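Colleague: Have a look at the structure that comes next, please.
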Amino acid sequence: MNVEAVVELASARVWVARGTAPAMQRAHSHDDIELNIVTRGAIEYLMGERRLRVEQGQAAVFWASPPHLLLEPEGAPAEVCWAHVPLSTVLTWDLPAADLRALLEGRPALAPVPADVDAVGVWRRWEADFASGDAATALLEVQAQVRRTLSAARASNGGGQAPVPRPLAMAAFIMDRFRDPITAADVAAVAHLNTEYAMTVFRRAWEMTIGEFLLRRRVAEAQRLLATTDLDCAAVGYASGFGSGSSFYAQFAKAVGTSPGQYRAALAPRRQSSPAR
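The sequence shown begins at 0 in numbering that gives the first Met the number 0 and counts up one residue at a time.
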């Protein structure tokens, strides 16, 4: 039987669950960093043009914004523990730059779970913490598990990087240069493609346009700055790559469902209770 816990933290929806892997009829997308641990069987995702298989005893961490599809199981349904944490929250964790870049370039981290870790027991504790209102402790433990998986994956890869396909190269360019007034032609040049074809390749891989991907990254950065700095809202907009205050306010409200000021106001209790860094 599937069990899940959901908590609203500073306008962000954190979700943990465990149980059988559900069948998915179509790809979906959500702007979270997703953690999966398979406790029985195996699951396989289709991510753009690539597949990610997670076996029993393995953990996977990936950015769920690029559309992904959980494929039908080969045998009995797998048992999985999941956690979804909004990217805007993860950006406040100060993850190693190489690890964060890999995730945002669409490269999942896959690593074995230590034999002495009881994943189901850990998830039950997180669910209890969320249910009792101690979300801060649960979120710290989720962060620790994400860090361990990223570190183990980096070590198993020898610190190297696989060749970057064109859609990932374009996405990585956007992640690096999102604050600048970049154009579709700039993005296409990175992949050595003409603009029209590059836009087609990008949309086919990510199921969103170059402009939509760029906007998501700018909004995520604005959320991070609103959560972690005292910059006024207009300055946050410019620092996130928006060319004007009116564009920032309109696009942020459309993407997040609230104004930048309201978003920051919802963060106030957490910001006041957080220790100085």
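Cβ coordinates follow ideal geometry from the N, Cα and C atoms, glycine included. Please read these numbers as outputs of a predicted model, since none were measured by experiment.
Considering just the uninterrupted stretch of the beta strand (DSSP E) at Arg50, what are its terminal residues?
Modeller: Arg49 to Glu54 is the extent of the beta strand (DSSP E) around Arg50.
Colleague: Considering only C-alpha positions, which residue in the set Leu167, Asp133, Val141 and Ala134 is nearest to Pro107?
Modeller: When only C-alpha atoms are compared, the closest one is Leu167.
Colleague: Under 7 angstroms between the Cβ atoms of Arg263 and Ser239?
Modeller: It is not a contact, given that the beta carbons lie outside the stated cut-off.
Colleague: Check the C-beta distance from Val53 over to Val37 and give it rounded, since I have them as a contact under 8 angstroms.
Modeller: Indeed, because the Cβ distance is near 5 angstroms, the residues count as touching under 8 angstroms.
Colleague: How about Phe61 and Glu43: are their beta carbons less than 7 angstroms apart?
Modeller: No. Outside cutoff.
Colleague: Looking at Ser246: is its Cβ nearer than 7 angstroms to the Cβ of Ala252?
Modeller: Cβ distance not < 7 angstroms, so Ser246 and Ala252 don't count as in contact.
Colleague: I need the DSSP call for Thr38, collapsed to helix, strand or coil.
Modeller: It is a strand residue.
Colleague: State yes or no: is the C-beta of Ala197 within less than 7 angstroms of the C-beta of Thr148?
Modeller: Not a contact, by the Cβ cut-off of 7 angstroms.
Colleague: Taking contact to mean at least 3 C-beta pairs separated by less than 8 angstroms, is the region 128-142 in contact with the region 12-30?
Modeller: Yes, the region 128-142 touches the region 12-30.
Colleague: Residue range of the alpha helix (DSSP H) that Leu139 falls in?
Modeller: Note, Leu139: alpha helix (DSSP H), Ala134 to Ser155.
Colleague: Tell me which residue opens and which closes the alpha helix (DSSP H) that Ala130 is part of.
Modeller: First-last of the alpha helix (DSSP H) with Ala130: Ala118 to Ser131.
Colleague: Beta strand (DSSP E) containing Ala63: first to last residue?
Modeller: Neither: Ala63 is in no beta strand (DSSP E) and is coded neither H nor E.
Colleague: Pull up the distance between the alpha-carbon of Val189 and that of Ala154, whole angstroms please.
Modeller: Cα to Cα, Val189 sits roughly 29 angstroms from Ala154.
Colleague: Straight-line CA distance for Ala265 to Glu73?
Modeller: Going from the Cα of Ala265 to the Cα of Glu73 covers about 44 angstroms.
Colleague: At which residues does the beta strand (DSSP E) containing Leu167 begin and terminate?
Modeller: Note, Leu167: premise wrong, no beta strand (DSSP E); alpha helix (DSSP H) at Arg165 to Arg176.
Colleague: Where do the ends of the alpha helix (DSSP H) carrying Trp205 lie?
Modeller: From DSSP, the alpha helix (DSSP H) with Trp205 extends over Thr194 to Trp205.
Colleague: With a floor of 4 residues, list each alpha helix (DSSP H) that falls wholly inside the region 223-258, ordered by position along the chain.
Modeller: Listed in chain order, the complete alpha helix (DSSP H) runs (minimum 4 residues) inside the region 223-258 are 232-238 and 244-255.
Colleague: Distance check for Pro65 and Gly105, CA to CA, integer angstroms please.
Modeller: Each residue's Cα considered, the two are about 7 angstroms apart.
Colleague: Around the C-beta of Asn35, are 16 or more other C-beta atoms found within 10 angstroms, so that it is buried, or is it exposed?
Modeller: Flag for Asn35 reads buried.
Colleague: When you compare only the Cα positions, how much space is there between Ala75 and Gly40?
Modeller: Looking at the two C-alpha atoms, the distance is approximately 7 angstroms.
Colleague: Spatial neighbours of Arg176 within its chain, please: CB distance less than 8 angstroms, with the 5 preceding and 5 following residues excluded, ordered by chain position.
Modeller: Cβ within range, chain order: Asp185.
Colleague: For Arg17, which of helix, strand or coil comes out of DSSP?
Modeller: It is a strand residue.
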